[in-house]
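> Before I ask anything, here is the structure I am working with.
There are 2 protein chains.
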Amino acid sequence: MAQINDHYLKLEAGYLFPEIGRRVRAFQEAHPDAAVIRLGIGDVTLPLVPAIVSALHEAVDDMATADGFKGYGPDRGYPFLVDAILEHDFRARGVELAADEVFVSDGSKQDSGNIQEIFALASRVLVTDPVYPVYVDTNVMAGRTGRADGAGRYEGIHYLAATEANGFVPDPPEGGGVDLVYLCSPNNPTGSVMTREQLGRWVAWAREHDAVILFDAAYDAFISDPELPRSIYEISGAEECAIEMRSFSKRAGFTGMRCAYTIVPKAATGTSASGERVSLHQLWSRRQATKFNEVPYIVQRAAAAIYSPEGRKQTAEQIAHYMENARILREGLSAAGFTVFAGLHAPYIWLRTPEGLSSWQFFDALLEKTHVVGTPGSGFGPSGEGYFRISAFNSRENAEEAVSRIQGAFGAES
Amino acid sequence: MAQINDHYLKLEAGYLFPEIGRRVRAFQEAHPDAAVIRLGIGDVTLPLVPAIVSALHEAVDDMATADGFKGYGPDRGYPFLVDAILEHDFRARGVELAADEVFVSDGSKQDSGNIQEIFALASRVLVTDPVYPVYVDTNVMAGRTGRADGAGRYEGIHYLAATEANGFVPDPPEGGGVDLVYLCSPNNPTGSVMTREQLGRWVAWAREHDAVILFDAAYDAFISDPELPRSIYEISGAEECAIEMRSFSKRAGFTGMRCAYTIVPKAATGTSASGERVSLHQLWSRRQATKFNEVPYIVQRAAAAIYSPEGRKQTAEQIAHYMENARILREGLSAAGFTVFAGLHAPYIWLRTPEGLSSWQFFDALLEKTHVVGTPGSGFGPSGEGYFRISAFNSRENAEEAVSRIQGAFGAES
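Chain order of the listed sequences is A and B. Going left to right, the first sequence walks through residues 99 to 512 as my numbering numbers them. Going left to right, the second sequence walks through residues 99 to 512 as my numbering numbers them.
Right under this line is the structure:
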């Protein structure tokens, strides 16, 4: 008799974004003429830049010829992409990595969801709260938790609250008692970013307690201050205790293209049941060789074009566009009386919901009154209750129109 | 203290194809002038057909404009692709499926590796032997097995031998005692194909014993006899007990493009620990929403072009090319004295190794004497020992040259 994985039944409701999608579709069916502005799911809106488009056309032409055609790609990605990653994302910031420490993949969501597979089922997991739901849900599905309590906290997961008091960047807990820590900086959803000192305290803590940090830097391209760390490997010693995930999704408009990469340094280890140190690189290599094929050749060519002189200039302009939207939203909502956070080093605005409204109540009110879609903070965890995420991924017109509508509808009450 | 997933340490040696890659690289370093012909890993060699190339260029142009740009795609795939799949792969053969029963993915390897996640850890797994290694290795990694014995059989996996006596298509076992069954037809590696009657016996058995069949039809496009089933859903009742995986990799030269799909019918269920029937469709939907993003828009456009009139004609010509290679290899090796199987409905030749040689010994001998790379049967499981897989994916010249070299080197001894 085929038995299902019962851990799936512990999952709360739907995954956050499909649930938002359902509510928006229902609203649109009821109000077919409403001009909905989507600042909910963090999806890019600008088309691919010319340097990437040219590289794609060339790569497609390669695939049309006997000499240029590419079948299965090399493990971990093509050298033309891996070398560009090493040079521009790491060496330029003083970090030396080996080429085979880079694993090109189809998304940081996938990698941050799959990485838990190489660790023991008994691993004690810590997340900051609010949290990108994939970190938690994939551990629930794997069987590392009990059921969720009334506030949505799963038994067996350690939640570290990111609050206004700690600037949404909690410090490591006292003592150990934790094996795996998910950190995200710039943070999704709060938009907070870790300083070198804050990240250094986490690395020191992980080394002291023999924990592994799973560092999600999918939004690193939005960091505007060059002094802030973009990679955890800018902190000495992190190569022994950290795995890092980076993405082209938001950096270059790749949400519909699917390319990212994960760094697993050879110096990072975990412990086997018999007490031996085992290379995490060896485990992740085996995992990917068994359960993954490489990213399409044409997509890897497109990703490599991000690093060309034109590609860097053009994608920087895209990022500047979104960050100007972030400024408009941040200042506009602040002027409307909202208490607003972030939006300086991330494409997200994090705001306190107007008095008395839960996150989902505000979601519904915002949709009803202004036809603007955002993301309820509580969808990211219990400490997100009473907060709300607004994405800067949109046209300038829509960002300005959203501010105008929100000021009109909420300016008086907030 | 971060503990690793100890189940990974049970895995035997490397994953098969990386191991072949290592041996071939070592040979090439020692013999830099040798003209190696690769008939090992089943990788296509012909470039993408013109209908697909045109569709790709158009899709790239879409991504370059504000109106045509696509970010995150719809769950389970774009309707333009899903509808083509339903129409041509199923309705044309009398099978009606709902659009949301199709899950477009980046590979059948991925799907056949990930599908076990939605079933209980205690599931009793049956594979036919020899077997595509991903089915077994992913269950080892998940913790459903003990260690492998001397022959490579993992404790806890049920192996059903595919032998010359049963035509490499074993019938279901007597009785039940099994929850999940992986079937592959046309079979990788043996090239055997299941008749309607054989597949019908499996479906009846699965329904009787409440087991779930994971049916891998990644090579269905190579079936030349229209009477043979291409989909398990051509067997009545399969929609209640089977999940099916199909791929564009070999069908349209997509190994470097990455597109496939999996069917999870809404009627298929498993049992929860509390004894309730749970929809497998609901579980797989949740799994994919949490751990996967859709296949790139441009790749889905390319896949849809396979179904256009030109695309069908052009990809059929590619398949005919490979099947003519299969004929040349089958007849040529047979003439050289080898006992040869399959190659009629699959792009693989399965042969008995010459007397006295193990599969890996023959691999090394073939590489040394003829510079031809094949795949050792034992790499697919203990019942593959003494057999060898030769792939038909290559140019006509290489297929003919391989036959000529093998006849020269082995013709006398076989």
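All C-beta atoms in this analysis are idealised placements derived from N, C-alpha and C, irrespective of residue type, glycine included. Please read all numbers here as calculations on a predicted model, not as lab measurements.
Count the CB pairs spanning the stretch 154-168 of chain A and the stretch 148-157 of chain B that are closer than 8 Å, and state whether there are at least three.
yes
> Under 7 Å Cβ-Cβ, which residues of chain E neighbour residue 390/B?
Of the protein chains in the structure, A and B, none is chain E.
> So is residue 45/B buried or exposed if we call it buried at 16+ other beta carbons inside 10 Å?
Look at the range of chain B in this structure, 99 to 512, and you will see that residue 45/B is not part of it.
> Using a Cβ-Cβ distance cut-off of 9 Å, determine whether residue 253/A contacts chain B.
Locating residue 253/A in the first sequence gives position 155, counting from the first residue. With 9 Å as the cut-off, residue 253/A does not count as an interface residue toward chain B.
> Among residues of its own chain, excluding the 5 on either side of residue 512/B, which ones have a beta-carbon nearer than 7 Å to its beta-carbon?
On the second sequence, residue 512/B is found 414 positions in, with the first residue counted as 1. Note that residue 512/B scores a pLDDT of 46, beneath 50, so its modelled location is shaky; the value from the coordinates is reported in the next line. Closer than 7 Å at Cβ, skipping near neighbours: 434, 435, 436 and 452.
> Using a Cβ-Cβ cut-off of 6 Å (strictly less than) and excluding sequence neighbours within five positions of residue 351/B, which residues of its own chain qualify?
Within the second sequence, the letter at position 253 stands for residue 351/B. So the qualifying residues of the chain are 142, 144 and 146.
> Under a CB-based cut-off of 9 Å, is residue 395/B close to chain A?
Stepping through the second sequence from its first residue, residue 395/B is reached at position 297. Yes, because at least one Cβ of chain A sits closer than 9 Å to the Cβ of residue 395/B.
> Along the stretch 151-166 of chain A, what residues have a CB closer than 8 Å to any CB found in chain B?
151, 154, 155, 158, 159, 161, 162, 163, 164 and 166
> Report the residue from 245/A, 274/A and 289/A whose alpha carbon sits nearest the alpha carbon of residue 266/A.
Locating residue 266/A in the first sequence gives position 168, counting from the first residue. Nearest C-alpha to residue 266/A: 289/A.
> Going by Cα to Cα distance, which pick from 440/A, 477/A, 428/A and 483/A is closest to residue 500/A?
Position 402 of the first sequence, counted from the first residue, corresponds to residue 500/A. Nearest of 440/A, 477/A, 428/A and 483/A to residue 500/A, Cα basis: 428/A.
> Hey, how far is the Cα of residue 314/B from the Cα of residue 299/A?
Within the second sequence, residue 314/B is the residue found at index 216, counting from 1. Within the first sequence, residue 299/A is the residue found at index 201, counting from 1. Rounded to the nearest angstrom, the two C-alpha atoms are 49 Å apart.
> Which parts of the stretch 136-169 of chain B are runs of the alpha helix (DSSP H), unbroken and 4 residues or longer, counting only runs that do not cross its ends?
148-161
> If you measure from the beta carbon of residue 355/B to each beta carbon in chain A, is any gap under 9 Å?
Numbered from 1 along the second sequence, position 257 holds the residue referred to as residue 355/B. For residue 355/B, a Cβ of chain A is located within less than 9 Å of the residue's own Cβ.
> Which stretch, first to last residue, makes up the alpha helix (DSSP H) that contains residue 181/A?
Residue numbering aside, residue 181/A sits at position 83 when the first sequence is read from its first letter. Where residue 181/A is concerned, the enclosing alpha helix (DSSP H) starts and stops at 177-183.
> Going by C-alpha to C-alpha distance, which of 287/B, 467/B, 188/B and 336/B sits closest to residue 260/B?
Residue mapping note: residue 260/B aligns to position 162 of the second sequence, counting from 1. Comparing Cα positions, the closest option is 287/B.
> Taking the beta carbon of residue 411/B as the centre, do at least 16 other beta carbons fall within 10 Å, making it buried, or is it exposed?
One-based indexing of the second sequence puts residue 411/B at position 313. Classification of residue 411/B: exposed, given that the 10 Å Cβ count is below 16.
> I believe residue 316/A touches residue 344/A by the beta-carbon criterion, under 8 Å. Please report the beta-carbon distance rounded to the nearest angstrom.
Start at 1 with the first residue of the first sequence, and residue 316/A comes out as number 218. Start at 1 with the first residue of the first sequence, and residue 344/A comes out as number 246. Rounded, the Cβ-Cβ distance is 6 Å, consistent with contact.
> Could you tell me whether the Cβ of residue 137/B comes closer than 9 Å to any Cβ of chain A?
Sequence index remark: in the second sequence, residue 137/B carries index 39 (1-based). Chain A contact via Cβ: absent.
> Using the Cα positions of residue 178/A and residue 172/A, report the straight-line distance between them to the nearest angstrom.
Counting from one through the first sequence, the residue named residue 178/A turns up at place 80. Counting from one through the first sequence, the residue named residue 172/A turns up at place 74. Rounded to the nearest whole angstrom, the CA to CA distance from residue 178/A to residue 172/A is 11 Å.
> DSSP state of residue 474/A, grouped into three classes?
What you label residue 474/A is simply residue 376 of the first sequence in a count that begins at 1. Three-state DSSP puts residue 474/A in a strand.
> So, at 6 Å on beta carbons, what are the nonlocal neighbours of residue 209/B in its own chain, with the 5 sequence-adjacent residues on each side left out?
The count along the second sequence starts at 1 and reaches residue 209/B at position 111. Here the set comprises 203, 343 and 360.
> Going by DSSP, name the residue or residues bridged to residue 258/A.
Locating residue 258/A in the first sequence gives position 160, counting from the first residue. Paired residue(s): 226/A.
> Figure out for me which residue from 247/B, 163/B, 384/B and 279/B has the closest Cα to the Cα of residue 303/B.
On the second sequence, residue 303/B is found 205 positions in, with the first residue counted as 1. The shortest C-alpha separation from residue 303/B is found at 279/B.
> From the beta carbon of residue 443/A, is the nearest beta carbon of chain B less than 9 Å away?
The residue labelled residue 443/A in the question sits at position 345 within the first sequence. By this cut-off, residue 443/A is not an interface position.
> Any contact between the stretch 129-138 of chain B and the stretch 233-249 of chain A? By contact I mean 3 or more CB pairs, one from each, below 8 Å.
no
> Quick one, which residues of the stretch 482-497 of chain A are near chain B if we go by CB-CB under 7 Å, in chain order?
none
> State the DSSP-derived secondary structure class of residue 438/A, mapped to helix, strand or coil.
As a first step, residue 438/A is located in the first sequence; it is residue number 340 there, counting from the start. Strand at residue 438/A.
> Along chain B, which residues have their Cβ under 7 Å away from the Cβ of residue 376/A?
Numbered from its first residue, the first sequence carries residue 376/A at position 278. 102, listed in chain order.
> Would you call the stretch 218-233 of chain A in contact with the stretch 416-425 of chain A, where contact means no fewer than 3 C-beta pairs closer than 8 Å?
no
> Short of 8 Å Cβ to Cβ, which residues in the stretch 393-424 of chain A face chain B?
393, 394, 395, 396 and 397
> Taking all protein chains shown into account, do 16 or more other C-beta atoms lie within 10 angstroms of the C-beta of residue 194/B, making it buried, or fewer, making it exposed?
Stepping through the second sequence from its first residue, residue 194/B is reached at position 96. Exposed: under 16 other Cβ atoms inside 10 Å.
> Extract the residue ranges of the alpha helix (DSSP H) inside the stretch 442-468 of chain B, only unbroken runs of 4 or more that lie entirely within it.
457-468
> Does the beta carbon of residue 335/A sit closer than 9 Å to a beta carbon anywhere in chain B?
Position 237 of the first sequence, counted from the first residue, corresponds to residue 335/A. For residue 335/A, the answer is no, since every Cβ of chain B falls outside 9 Å of its Cβ.
> Consult DSSP for residue 512/A and reduce its assignment to one of helix, strand or coil.
In the first sequence, the residue the question calls residue 512/A occupies position 414. Annotation note: pLDDT 46 at residue 512/A (below 50); position unreliable, coordinate value reported separately. Residue state, collapsed to three classes: coil.
> Determine whether the Cβ of residue 512/A lies closer than 9 Å to any Cβ atom of chain B.
Locating residue 512/A in the first sequence gives position 414, counting from the first residue. For residue 512/A, the predicted structure reports a pLDDT of 46, less than 50, and the residue's modelled location is therefore unreliable. The matter cannot be settled from this model.
> From this set, 481/A, 395/A and 495/A, which residue's C-alpha is nearest residue 174/A's C-alpha?
The count along the first sequence starts at 1 and reaches residue 174/A at position 76. With distances taken between Cα atoms, residue 174/A lies closest to 395/A.
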